[in-house]
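Take a look at the structure below.
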Amino acid sequence: DAGVTQSPTHLIKTRGQHVTLRCSPISGHKSVSWYQQVLGQGPQFIFQYYEKEERGRGNFPDRFSARQFPNYSSELNVNALLLGDSALYLCASSSGGTSIYEQYFGPGTRLTVT
Amino acid sequence: GIQVEQSPPDLILQEGANSTLRCNFSDSVNNLQWFHQNPWGQLINLFYIPSGTKQNGRLSATTVATERYSLLYISSSQTTDSGVYFCAVGGLGTYKYIFGTGTRLKVLA
Numbered sequence: 040d041a042g043v044t045q046s047p048t049h050l051i052k053t054r055g056q057h058v059t060l061r062c063s064p065i066s067g068h069k070s071v072s073w074y075q076q077v078l079g080q081g082p083q084f085i086f087q088y089y090e091k092e093e094r095g096r097g098n099f100p101d102r103f104s105a106r107q108f109p110n111y112s113s114e115l116n117v118n119a120l121l122l123g124d125s126a127l128y129l130c131a132s133s134s135g136g137t138s139i140y141e142q143y144f145g146p147g148t149r150l151t152v153t
Numbered sequence: 060g061i062q063v064e065q066s067p068p069d070l071i072l073q074e075g076a077n078s079t080l081r082c083n084f085s086d087s088v089n090n091l092q093w094f095h096q097n098p099w100g101q102l103i104n105l106f107y108i109p110s111g112t113k114q115n116g117r118l119s120a121t122t123v124a125t126e127r128y129s130l131l132y133i134s135s136s137q138t139t140d141s142g143v144y145f146c147a148v149g150g151l152g153t154y155k156y157i158f159g160t161g162t163r164l165k166v167l168a
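Going down the list, the protein sequences come from chains H and R.
Reading the first sequence from the start, the letters are residues 40 to 153 in my numbering.
Reading the second sequence from the start, the letters are residues 60 to 168 in my numbering.
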């Protein structure tokens, strides 16, 4: 079975632009979470979606938004990009439900903002 | 919120050596995972271990939830074990993992 997939792998954007990152969960998983990992730090939680509903949101500005589609894939959108948004963006899927359960991470999208 | 501390921050070993990585957390958790992040950034699941002991080949892990810590044991280390090891915890009723700062392991041939 395929694992979590993310696209694109790498992305270079200019300050002020908008970016959309995509994630497809493991087949049968209904929960998708997004994390941001800045160089040298551990991943930081951004969003969690379960059955197309937002279940949790981390301490990120409103420039960050996400959604989950009927096939459980997800998009992360970031508006008005700042240099500090440069990071590895990780998507994780799990069977979800009333807790986190075991999470499986995709390979990530490396975003560079210039 | 829950604080997660990992130790040691850096570790250099000779191939074949054993090591113990520690994860301390500040509050009760009902989810805990250990990950290995490879040089390309991929987080690889090692253990889902909110309590108890598990073993997988040369790796084993123990979580003592009542004392708020977890240990990851690596035996007979290999150069491919190099990378960053993260502990991530989730509290009751939350939907997010909080990651520690990681242990950076380098295994020398």
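Ideal Cβ positions, reconstructed from N, Cα and C, are used throughout, including at glycine.
Looking at Thr153/R, Arg163/R, Thr162/R, Asn90/R, the one whose alpha-carbon comes closest to that of glycine 60/R is Thr153/R. Secondary structure of glycine 95/H (DSSP, three-state): strand. Chain order gives the chain R residues near tyrosine 143/H as Asn104, where near means a beta carbon separation below 7 Å. Among the residues of the segment 84-95 of chain R, those with a Cβ less than 7 Å away from any Cβ of chain H are Asn89, Asn90, Gln92, in the order of the chain.
The three-state secondary structure of threonine 59/H, taken from DSSP, is strand. Note on geometry: alpha-carbon atoms of histidine 68/H and arginine 94/H lie some 15 Å from one another. In the same chain as glutamine 96/R, and ignoring 5 residues on each side of it, the C-beta atoms closer than 6 Å to its own belong to Leu102, Gly142, Val143, in chain order. Where arginine 106/H is concerned, the enclosing beta strand (DSSP E) starts and stops at 103-107. One Cα belongs to proline 68/R, the other to leucine 127/H, and the distance between them is close to 21 Å. What tyrosine 156/R touches in chain H, judged by beta-carbon distance under 9 Å, is Ser72, Tyr74, Pro82, Phe84, Ala131, Ile139, Gln142, going in chain order.
What leucine 121/H touches in chain R, judged by beta-carbon distance under 8 Å, is nothing: the nearest beta carbon there is about 21 Å away.
DSSP places leucine 150/H within a strand segment (E or B) once states are collapsed to three.
Boundaries of the beta strand (DSSP E) around leucine 127/H: 126-133. In chain order, Val152 place their CB closer than 6 Å to the CB of leucine 122/H, counting only its own chain and leaving out the 5 sequence neighbours on each side.
By the neighbour-count criterion, in which a residue is buried when 16 or more other Cβ atoms sit within 10 angstroms of its Cβ, tryptophan 73/H is buried. Taking 7 Å as the threshold, the shortest C-beta distance from threonine 160/R to chain H falls below it. Under DSSP, aspartate 69/R takes part in a beta bridge, and its partners are Arg163/R. Taking a C-beta distance under 7 Å as the contact criterion, threonine 162/R and glutamine 92/R do not qualify as a contact pair.
The three-state secondary structure of threonine 138/R, taken from DSSP, is helix. Among the residues of chain R, those whose CB is under 8 Å from the CB of arginine 94/H are Tyr154, following chain order.
Within chain H, the residues placing a beta-carbon under 9 Å from that of glycine 100/R are Gln76, Leu127, Leu129, Pro146, Gly147, Arg149, ordered along the chain.
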